[in-house]
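Q: The following block contains the structure, expressed as C-alpha cells.
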Amino acid sequence: MTTPAPPRQYWLMKSEPDECSIDDALAAPGATVPWTGVRNYQARNFMRDAMRVGDGVLFYHSSCPEPGIAGLAEVASDIEPDPTQFDPESPYHDAKASRDAPRWLLRQVKATRKTRLISLDELRQVPELADMTVLKRGNRLSITPVTEAEWTRILRLMDQPAA
DNA sequence: GCCAACGTTGGC
DNA sequence: GCCAACGTTGGC
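Just so we're aligned: the first sequence equals residues 1 to 163 in my numbering.
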C-alpha cells in the first residue's frame, strides 16, 4: 500500500524587491533563489514543518512603492540552514546561531512566472480574499498559508486586466 | 518619516 | 511566568 501524495499546499512569501524581485528570481540560475533572511519563528516553522517541495508560492513584493503579488513560484528544495545567520557581515547575522545549532532555515524557491502586479488594494476588493492573512491589519508574517480557493481566485485575477 | 501592530527580551 | 520596554515590520 503506497502513501498518497499529500495535497499541494499554497503560500504567500514576501520579498523586498530591492533585495530580490520576481525579475531577479527569474534571472537567477534555474530561476531558483535561496529564501534567506527569515527571522521569525512562525515563518520558519511553516518552512520547516508544513512546506513540501512543489507547493505553490505567491511571490509578493513588500516594503516598496507598489506592494503586491508580482509572480508565481514553487517550493524547490527541502530545508537547509540559512547561511546568512553565520555571516557577521550580513544584516541577517545571528550571534546566537552556530553551524552545529542553526536557528534559521531556508528553502530554495523557483520562480515560474512574472504576472501583472496585483496590488494590496486590488486584493482587498475581492470578497473571496477577505480572510487572507496578508490583508489582516498589522500582519507582519513574511510567510503565510494560502487556501486552495484563494490560490485559484488569484490565478484567475492574474489573467484578467487590472480592475 | 510616521506609526500601529506585534514579536522578543529581560528584570523581577 | 508575567509584563513593560524595546525593536522590527511594512503600509502609508
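Backbone N, C-alpha and C define an ideal beta-carbon position, used for all residues, glycine too.
Under 8 Å between the Cβ atoms of Val33 and Ala25?
A: Going by C-beta atoms, Val33 is nearer than 8 Å to Ala25.
Q: Here's the rule I'm using: 16 or more other beta-carbon atoms within 10 Å means buried, otherwise exposed. How should Gln61 be labelled?
A: The sequence shown places His at residue 61, not Gln. The residue in question, His61, is buried, as its Cβ has 16 or more Cβ neighbours within 10 Å.
Q: In whole angstroms, what is the alpha-carbon distance linking Arg48 and Asp121?
A: Each residue's alpha carbon lies about 31 Å from the other.
Q: Rounded to a whole number of angstroms, what is the C-alpha to C-alpha distance between Asp55 and Glu74?
A: Cα-Cα distance, rounded: 6 Å.
Q: Assign Ala111 to one of two classes, buried (16 or more other C-beta atoms within 10 Å of its C-beta) or exposed (fewer than that).
A: By the neighbour-count rule (16 or more Cβ atoms within 10 Å), Ala111 is buried.
Q: Does the ligand FAD have even one heavy atom less than 7 Å from the beta-carbon of Asn45?
A: Annotation note on the ligand FAD: not contained in the displayed structure, which lists no ligands.
Q: Would you mind sorting Gln160 into buried or exposed? The rule is 16 or more other CB atoms within 10 Å of its CB.
A: By the neighbour-count rule (16 or more Cβ atoms within 10 Å), Gln160 is not buried but exposed.
Q: Hey, quick one: how far does the alpha helix (DSSP H) through Trp151 stretch, first residue to last?
A: First-last of the alpha helix (DSSP H) with Trp151: Glu148 to Met158.
Q: Which two residues bound the contiguous beta strand (DSSP E) that contains Pro34?
A: Start and end: Thr32 to Pro34.
Q: Given 8 Å as the limit, is there contact between the segment 10-30 and the segment 78-88, that is, 3 or more CB pairs closer than that?
A: Flag = no, the segment 10-30 and the segment 78-88 do not touch.
Q: Give a yes or no on whether the C-beta atoms belonging to Ala95 and Arg103 are separated by under 8 Å.
A: Their beta carbons are not under 8 Å apart, which means Ala95 does not touch Arg103 by this criterion.
Q: Since Ser119 contacts Gly68 with CB under 8 Å, what's their CB separation in whole angstroms?
A: That pair is a contact at about 4 Å.
Q: Determine the closest residue to Ala76 out of Pro7, Arg107 and Ala162, with distance taken between C-alpha atoms.
A: Ala76 has its Cα closest to that of Arg107, out of Pro7, Arg107 and Ala162.
Q: For Tyr41, which of helix, strand or coil comes out of DSSP?
A: If DSSP states are grouped into helix, strand and coil, Tyr41 belongs with the helices.
Q: Please determine, among Thr3, Val146 and Val109, the residue with the shortest C-alpha to C-alpha distance to Tyr10.
A: Nearest C-alpha to Tyr10: Val146.
Q: Given that a residue counts as buried once 16 or more other Cβ atoms are within 10 Å of its Cβ, and exposed if not, what is Pro91?
A: Flag for Pro91 reads exposed.
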